[in-house]
Amino acid sequence: MLLSLRDVGVQLGGKPVLQAVHLSIAEKASLLVTGPSGSGKTTLLSVIAGFLAPTRGTRETTLTLAETGFVFQTLHLLPYLRVQEQLRLACYATQKTYDAHWADHLLTKLELVEKTGAYAAHLSTGEAQRLAIARALVHKPQLILADEPTAALDDVNCEAVIRLLQETAGATNAALVVVTHDARLKPYFSSSLVLKEGRALA
Ligand SMILES: Nc1ncnc2c1ncn2[C@@H]1O[C@H](COP(=O)(O)OP(=O)(O)OP(=O)(O)O)[C@@H](O)[C@H]1O
Ligand SMILES: [Mg+2]
């Protein structure tokens, strides 16, 4: 097992945001988490990543943060770094060798090759979202976590992104967890969990 949450609860601002969540993520697992706005999806992903400590329950994993690739809902790109520099920085921060061939592959699949030298500040919203995906994958993490990775994308790019996430997870033997309220993603996953008011329904 790569990671397990047992009876996890999170309180934020005195309010229960996650309650009694049990979740196991096996090697090479692929999981979709859905639920309405405010149901706790981002909070759950933050606990899985290790960014947020649960108020109760336990999180067990053998992974280090460097083995996690995270697509943030709010992207968190650095505006005045160029596309390629953002990818190099992700490898530097995780102490992984920058694989130019792999980076080019990701940028090609995400239709960002022509933007390699562009500053993040000058990308369109959809391009920025695709860059955030490349950045999460460039260091070949064992666990890929993506928070609403298709929110700003049209149908063609939505399909390309979800296929790239799955192909990359397959090629690098990584586990993939996507959280979303984008109904377009449902058909791509055989395993899913629904969050409602901080509780996992199934
Ligand atoms: N730091 C915080 N302090 C207090 N409340 C918070 C904090 N962060 C999140 N919340 C609350 O926790 C609940 C769950 O938030 P979360 O961001 O996990 O939802 P979500 O399912 O990701 O929503 P969305 O689909 O809109 O992204 C919300 O009611 C939110 O207001
Ligand atoms: Mg969210």
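My numbering puts the last residue of the sequence shown at 846; the count rises by one with no breaks.
Cβ atoms here follow ideal geometry from the backbone N, Cα and C, with glycine treated the same way.
Supposed close pair residue i, residue j - CB separation, criterion 8 Å
i	j	result
L731	V782	4 Å
L775	A764	6 Å
D651	R703	Not a contact, Cβ separation roughly 11 Å.
A813	A819	7 Å
Own chain partners of residue i with C-beta closer than 8 Å, once the 5 adjacent residues on each side are dropped
i	result
F833	S674, L675, L676 and V822
D798	G770
A772	L719, L721, A764 and A796
Proximal residues to residue i (C-beta, below 6 Å), its chain only, five neighbours per side dropped
i	result
K740	H783
Q663	G653, G842 and R843
L845	V838
Short Cβ contact (8 Å threshold) for residue i with residue j
i	j	result
H825	T678	yes
L789	S683	no
V715	T687	no
I727	T760	It is Val, not Ile, that sits at residue 727 in the sequence shown. Result yes, Cβ atoms of V727 and T760 sit closer than 8 Å.
L754	A778	yes
Of the listed residues the options, nearest to residue i (C-alpha basis)
i	options	result
F636	A815, K659, K685 and L709	There is simply no residue 636 to check, as the chain begins at 645 and stops at 846 in what is shown.
A712	N801, P831 and A780	Per the sequence shown, residue 712 should be read as Thr rather than Ala. Of the candidates N801, P831 and A780, the one whose C-alpha sits nearest the C-alpha of T712 is A780.
I692	D791, A762, L756 and E811	D791
L646	P785, V800 and V805	P785
Sequence-distant residues of the same chain with beta carbon closer than 7 Å to residue i, five excluded per side
i	result
S690	L696
A734	R779, V782 and H783
For ligand 1, residues whose Cβ lies under 5 Å from any non-hydrogen atom: L656, G657, V661, S681, G682, S683, G684, K685, T686 and T687
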